[in-house]
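For what it's worth, the UniProt record's numbering labels the leading residue of the sequence shown as 1, then goes sequentially. Ideal placement from N, C-alpha and C gives every residue a C-beta, glycine not left out. All values derive from a computational prediction rather than experimental measurement. This report refers to the structure that appears directly beneath it.
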Amino acid sequence: MRELRYHAPEALEALVRDLEQPLSPPLERAVARSLDDGRMPDFRASEVLMPAMMATFAVNPATIGEQALAELKASCNRCEAVGRCWQAMRARADGEACCGFCPNSEAFISHGGQDG
1 MRELRYHAPE ALEALVRDLE QPLSPPLERA VARSLDDGRM PDFRASEVLM
51 PAMMATFAVN PATIGEQALA ELKASCNRCE AVGRCWQAMR ARADGEACCG
101 FCPNSEAFIS HGGQDG
């Protein structure tokens, strides 16, 4: 991870943003730890993880008001479980599994399945 962070930061950013990219389990755990520890300061969970989490809960962003969506994004970016979330979104975890750590899960449940 250190080598990627210092010598190939663009490659690391692309790797972290691609939730479909196959990774070895040790590398996946290392990335998750780096996300949890804040060692990837340019990573924005609301840009990468929130869209995947909304899909998990079948949420159409158009059904959420602009202010509420901004609050959800801010909450996502402050989340302390970003590494766990990243691993869950990579594994296509279901909504029930995500309720245990996602600070926005209740809001997503209340908006889930709506097509606006």
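- DSSP, read as helix, strand or coil, puts Gly112 in strand.
- Under the criterion of beta carbons closer than 8 Å, Ala30 and Met1 qualify as touching, at roughly 5 Å.
- In terms of Cβ geometry, Arg5 and Arg44 do not form a close pair [threshold 8 Å].
- When the five nearest sequence neighbours on each side are left out, the beta carbons in the same chain lying within less than 7 Å of the beta carbon of Met54 are those of Pro61, Phe108, in order along the chain.
- If you keep only unbroken alpha helix (DSSP H) runs of at least 4 residues inside the stretch 59–87, you get 66–78.
- For Asp36, the enclosing alpha helix (DSSP H) begins and ends at 25–36.
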